[in-house]
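Written below as structure tokens is the structure these notes are about.
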Amino acid sequence: MSISIRGISKRYGIQLALDNVSLDIGDGQIVGLLGPNGAGKSTLMKIITGFVKADSGSVSVCGHDTAAHPFEVRRLLGYLPESNPLNTEMYVREYLTMMASLSGVKDKTRRVEDIIRLTGLSPEAHKRIGSLSKGYKQRVGISQALISDPKVVILDEPTTGLDPNQIVEIRELIRGLAKDRTVVLSTHIMQEVEATCDHIVIIDHGNIKAQGTVAEVLSLAAEGRQAVDVEFYADVDPVRMSRELQAEVDEVGPRRFRLTAPATDDDLRITTFRFATRHNVPLLHLSAQSEDMEDVFRRLTTDK
Numbered sequence: 004m005s006i007s008i009r010g011i012s013k014r015y016g017i018q019l020a021l022d023n024v025s026l027d028i029g030d031g032q033i034v035g036l037l038g039p040n041g042a043g044k045s046t047l048m049k050i051i052t053g054f055v056k057a058d059s060g061s062v063s064v065c066g067h068d069t070a071a072h073p074f075e076v077r078r079l080l081g082y083l084p085e086s087n088p089l090n091t092e093m094y095v096r097e098y099l100t101m102m103a104s105l106s107g108v109k110d111k112t113r114r115v116e117d118i119i120r121l122t123g124l125s126p127e128a129h130k131r132i133g134s135l136s137k138g139y140k141q142r143v144g145i146s147q148a149l150i151s152d153p154k155v156v157i158l159d160e161p162t163t164g165l166d167p168n169q170i171v172e173i174r175e176l177i178r179g180l181a182k183d184r185t186v187v188l189s190t191h192i193m194q195e196v197e198a199t200c201d202h203i204v205i206i207d208h209g210n211i212k213a214q215g216t217v218a219e220v221l222s223l224a225a226e227g228r229q230a231v232d233v234e235f236y237a238d239v240d241p242v243r244m245s246r247e248l249q250a251e252v253d254e255v256g257p258r259r260f261r262l263t264a265p266a267t268d269d270d271l272r273i274t275t276f277r278f279a280t281r282h283n284v285p286l287l288h289l290s291a292q293s294e295d296m297e298d299v300f301r302r303l304t305t306d307k
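Position in the sequence shown (from 1) plus 3 gives the number in our numbering.
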């Protein structure tokens, strides 16, 4: 087991950032921590890396307790903070060589060149970091996290602020990293975990709401619920529709809605059809739907 987390709690003043969180992360997995801003993702990552102390509970990395053996744990970890604090006045090779020295890398020149090739920095390696695009700056940040050849890599919001092409490139890079190490990344973007991760953990208000593969989380969250997509020919009152159908109503377009309700003997398609008939509103479309990750995320991380 790469990471074992047991009963971790952390409070900042009156704010409870993490509430008795327990989690196991296996070797060679790409694990996505998915949650809204302020959910506790970054705090959990900082506790794993030893940058923040938990109020209670324990964390071990590759069998080493982070509190009892902090230096051994840091040698096993590579970390990209959300802020990606780079020295923008330094050149790429210069910066990575400095980080290699600080990490105790023996053959610094060879390791720096290996990492530059691995992360696709070769075309920009001769430049000052401050002159790089956001995407290449992220590659430099990931490179410094990898410079010591860690067993576990922690990436906090690695694709924030990138354009769509850069996001795809960073995703491919992250997938390549997991061939011989464990990767933990945080994000609030559903497509990120679906495209990149083997295992996802949904966190909100310091609590784990669901975890497993994408398929397992979708299946777990869908138990006991039904959903339909409906489009009407004329305007309808969503408040009235919600009340009469005993369903959650989300407007997804002009006169188009996603309805979700507890699974009962009454098929939501039939009750929706009867609602339209009762109010003399013709239907243009009505179909049963499976919830996608965005639906699950919204339902698990909103106070309804």
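Note that beta-carbon positions come from the ideal geometry of N, C-alpha and C, so glycine has one too.
Around the beta carbon of T199, a 10 Å sphere encloses 16 or more other beta carbons of the protein chains shown; the residue is thus reported as buried. Apart from the 5 residues on each side of it in sequence, I132 sits with its Cβ closer than 8 Å to the Cβ of L89, N90, T91, E92, M93, Y94, V95, Y98, K140 and V143 in its chain, given in chain order. Judged by beta-carbon spacing, V108 lies beyond the 7 Å limit of I157, meaning their Cβ atoms are not closer than that value.
Distance from E85 to E172 at the Cβ level is roughly 19 Å; contact not present, criterion being Cβ atoms closer than 8 Å. Selection D298, R302, T190 and R261 evaluated against G38 yields T190 as nearest (Cα-Cα). Bridge partners of Q214 according to DSSP: V204. Here Y236 is exposed, its C-beta having fewer than 16 other C-beta atoms within 10 Å. Beyond the five residues adjoining it in sequence on each side, G256 comes within less than 8 Å, by CB distance, of E234 in the same chain, given in chain order. Minimum Cα-Cα distance from I177 among the listed residues P126, R120, V252 and I145 corresponds to I145. Taking C-beta atoms under 8 Å as the contact rule, T162 and E195 qualify, at a distance of about 6 Å. In the DSSP assignment, P167 falls within the alpha helix (DSSP H) that extends over P167 to L180. In its chain, beyond the 5 residues on either side, L262, T263, A264 and L271 have a beta carbon closer than 7 Å to the beta carbon of A250. For F276, the enclosing alpha helix (DSSP H) begins and ends at L271 to R281. For Q18 and A42, the gap between their C-alpha atoms comes out near 11 Å.
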